[in-house]
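Down below is the structure, laid out as structure tokens.
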């Protein structure tokens with residue numbers, strides 16, 4: 002099953018609000034529609050639960066607040082979240098970040114040194 006939206010790797014800290022209490026989490030990757038969070042020290046969150054997230058995209062000084070729903074999870078590893086009800090501004094910020102990050106990844110791969118066969 003292919004994904005509808007491109008994901009890009011990104012390692013940033015996120016405040017994940019569970020019942021109004023902030024818990025620190027780290028991202029693994031991000032797309033226009035969602036984010037994968039590594040679990041740190043927060044309680045288990047069941048699939049279907051709704052959370053609030055607070056973070057800053059790399060290169061931005063704007064604090065990003067978003068509601069999200071847990072769509073899959075592993076109690077030992079992390080959670081896949083789908084953003085809910087994003088504003089047009091939030092969607093544009095995510096689109097711009099994903100496109101820019103994807104372009105950077107392609108440039109980095111194109112310019113990577115190639116090992117000589119030996």
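Numbering (the working numbering), first residue to last: 2 to 119.
For every residue, glycine included, the Cβ atom is placed at its ideal position computed from N, Cα and C.
- Counting only the Cα atoms, residue 39 lies some 15 Å from residue 32.
- For residue 64, the closest C-alpha among the options 54, 99, 73 and 96 is that of 54.
- Assignment of beta-bridge partners to residue 85 by DSSP yields 68.
- Going by DSSP, residue 44 is part of no beta strand (DSSP E) at all; its letter is neither H nor E.
- Residue burial annotation: residue 61 is exposed, with fewer than 16 other C-beta atoms found within 10 angstroms of its C-beta.
- DSSP places residue 12 outside both helix and strand once states are collapsed to three, so it counts as coil.
- As computed with DSSP, residue 17 is found in a beta bridge with 24 and 54.
- Here the alpha carbons of residue 42 and residue 86 stand approximately 27 Å from one another.
- The C-beta distance from residue 49 to residue 71 rounds to 6 Å, short enough to fall under 8 Å.
- Burial state of residue 102 is buried, judged by a 10 Å Cβ sphere holding 16 or more other Cβ atoms.
- Shown here, residue 75 sits in a strand according to DSSP, grouped into three states.
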